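Residue numbers (my numbering): 225 to 1054.
Glycine residues also receive a C-beta, built at the ideal position from the N, C-alpha and C atoms.
Nothing here was measured: the structure is a model prediction, and the numbers come from that model.
Everything below concerns the one structure shown next.
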């Protein structure tokens, strides 16, 4: 908008000034050759026309001078000067006055040439303002440059010597300049269509200039060209008149724009004032020392400021006086402003528990430096942040520190290089309270136990709830003896405490694992692991006791080995280091032609060789990994059956299931997915379970067994006789096979009781319609006895060594077992 305005007022008016001067001088040029003749042939009408044009132009000059005084825009003064030059040209040509004592022909030649140069230069500049004229019309631009050079040469030549040829050259140059203006007009006319009337007058003026100079040059008759001169004068007057109208229109438009801008500014100011007054955040202006200069109503309400801040009796208060630490906060804010010049936001505490978000920036005025900013109440947000920070480090139920904060504190204790004691505490039989009375009772029990703990530890000790029914305590600066005394006080206090919920009363006891934090402890994870192992040892030893972790004690080593084994199992499941074997289950009393019947066994591959299940399954059971292992075994068994002719050449495969897997509600979905993926009939698989796994959550296990039997799976009761050995369980459980534990089979010929037990189990199983499998068949005599007792199947090294399902380096088998295995096969064939 400003560029457009500049073009209209400055460039256009400048070019008009030059055109006006050109008009006067070009008109004068027509009279250079014979001034005496012009004087003689001028009529009174010519004088009247000249005076009218001069008078009218003087009126326009006065009008533009008045406009200049009002607007102080130099364009109007320049226009007045150009018009004044036009009047001088008219008077000089019509001999109304003499501006110099030099010969008139000499003066007019100089003026014509000079005005031509200026006209060309400013026309060229005028065109460049609106279009890229130099690039669009390089030839015309060069021609204009030539005109300028020739004009300068002509002026110098006129000053040095006088010649009529110079007047001819001047007429040709002016005519050429006018023609160039006419030719280039269409190039910039489209850009300034709003000036079309002004462009028309320029074109008319240039055409009259061309006609007049061509007529003078061809006929050399000054008398016949007087009427043409008047036409030139008249076209020049029209040019100035149109430009005056243009300026008047521009002035009106400017006034309208100023009025519109003023109205817009007033509207924006009112809108800003409305926003300022109704803003929800407190807005203020203060001095550098913090004294308040202005505020909006929101800040007054926020800080309870008086309605009138500036009175003689009560000067305006300082903003920072409403902060918790006025001087320190304001000093910090000023330091930040010196560095950043602006503070986007910073949190400051107000009086009491209030919090504000402060924003500030420097503002320079003519007289001083002030500060503008905003203040927002963030008390609620700050309280929520503090609450979240509290919850991040505390247990919401007991309001104790949580495990994360406890581990951080424990690491600090280890780094302090001082002697401290770590207690790992687990509540005994806490699950009973949750199961019988609900979780609300369990939560209340935890809160009461927390209160008991707090009564028996010092203020500098660390108490935290580690999760569930587990607690941790760091006894600061205590020796193992002192730690043992403190732990015993806690144990006795909990033992004496009774938790009552409604009409039920529960005795609360704890198992405590204790370790000394010394130089042997490297990190918090190691300390917690050792204390946890000691706590579990206390629970296994009968609960309600304290166990001090001793790295050299057998039970401690066993726990550590179990924890190491868990890590080994996790890696084995990830890296496929578990190996599946199969061992034949041989029919003893019939010559069966059915495909071989076998049991799938698992081994763990380590750097020391293969480990039997007894070396790693106890750790897996303790740390709830049996379900993962069972799923892996079932998946690999289905995969093996689906490969090649394995499904056709295999009668049935026994797969062991743990109690964890049997009670897992998602295991049914896992089974169905594998059967569908590998297309294995359920009749090919028999699940082996133990009495303990069946009785643990009996209702759910029984439901799963019936569901799997409906799919076609068979079930075998494994290790019968080593656990409860209840024949009632055999009757109630829908199993197809009874596997007699190997401890009754191994010495069956040496112990008559074992033989009696095997005979009784076999008879009862047959009466219930179930098959019997004898484990641990290791010699021919045992095999013969089992055949006599009517046992259906045998399994053991004598009948067949475990073999890997997939290619694997076979387990080293003793040569005597190989010979016995061959002998057993011959005996069965006989």
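Proximal residues to residue i (C-beta, below 8 angstroms), its chain only, five neighbours per side dropped
i           : result
residue 584 : 557, 561, 566, 567, 595, 596 and 597
residue 960 : 910, 938, 939, 940, 994 and 995
residue 793 : 828, 840, 843, 844, 849 and 853
residue 511 : 517, 592, 594 and 595
residue 535 : Model confidence at residue 535 stands at a pLDDT of 47, short of 50, so the residue's coordinates are unreliable; what they give is reported in the following sentence. Counting only Cβ-Cβ distances below 8 angstroms, and skipping sequence neighbours, we find nothing.
residue 969 : 978, 982, 998, 999, 1000, 1001, 1006, 1010 and 1020
residue 901 : 862
residue 715 : 733, 734, 736, 768, 769 and 770
residue 766 : none
Start and end residues, alpha helix (DSSP H) containing residue i
i            : result
residue 760  : 748-764
residue 512  : Counting along the chain, residue 512 falls outside any alpha helix (DSSP H), and DSSP gives it neither H nor E.
residue 821  : Run containing residue 821: none in the alpha helix (DSSP H); it sits in the beta strand (DSSP E), 821-830.
residue 860  : 850-865
residue 1022 : Taken as a continuous stretch (DSSP letters only), residue 1022 belongs to no alpha helix (DSSP H), as it is neither H nor E.
residue 555  : 550-564
residue 659  : 654-661
residue 629  : 627-639
Same chain, Cβ closer than 6 angstroms to residue i, neighbours up to 5 away in sequence not counted
i            : result
residue 914  : 942 and 943
residue 1014 : 986
residue 431  : none
residue 462  : 425
residue 635  : 748
residue 337  : 375, 378, 379 and 394
residue 619  : 626 and 689
residue 989  : 962 and 996
residue 874  : 819
Best match in the options for proximity to residue i [C-alpha to C-alpha]
i           : options                : result
residue 754 : 646, 1006, 661 and 705 : 646
residue 721 : 732, 713, 841 and 714  : 732
residue 507 : 620, 555, 877 and 581  : 581
residue 672 : 703, 621, 906 and 686  : 621
residue 504 : 514, 525 and 517       : 525
residue 803 : 402, 966, 392 and 859  : 859
residue 370 : 398, 485, 661 and 288  : 398
residue 872 : 772, 905, 881 and 650  : 905
residue 737 : 704, 729 and 727       : 704
residue 478 : 894, 290, 295 and 272  : 295
First through last residue of the beta strand (DSSP E) which encompasses residue i
i            : result
residue 587  : 579-588
residue 880  : 876-880
residue 732  : From DSSP, residue 732 is part of no beta strand (DSSP E); its letter is neither H nor E.
residue 723  : 722-725
residue 366  : Here residue 366 belongs to no beta strand (DSSP E); instead the alpha helix (DSSP H) covers 362-384.
residue 771  : 770-772
residue 1002 : Unbroken run through residue 1002: none, as it is neither H nor E.
residue 914  : 909-914
DSSP three-state assignment for residue i, whether helix, strand or coil
i            : result
residue 928  : helix
residue 996  : strand
residue 519  : strand
residue 1055 : With the chain running from 225 to 1054 in the structure shown, residue 1055 is simply not present.
residue 844  : helix
residue 983  : helix
residue 890  : coil
residue 692  : coil
residue 426  : helix
residue 485  : helix
residue 501  : helix
residue 714  : helix
residue 811  : strand
residue 976  : helix
residue 598  : strand
residue 800  : coil
In DSSP terms, what residue i is bridged to
i            : result
residue 1027 : 806
residue 544  : Per DSSP, none; premise fails for residue 544.
residue 740  : 645
residue 962  : 941 and 996
residue 680  : DSSP, once it has assigned bridges, lists no residue as partnering residue 680.
Contacting residues, own chain, Cβ-Cβ under 7 angstroms from residue i (five flanking each side not counted)
i           : result
residue 903 : 866
residue 701 : 642, 643 and 644
residue 811 : 1016 and 1017
residue 521 : 501
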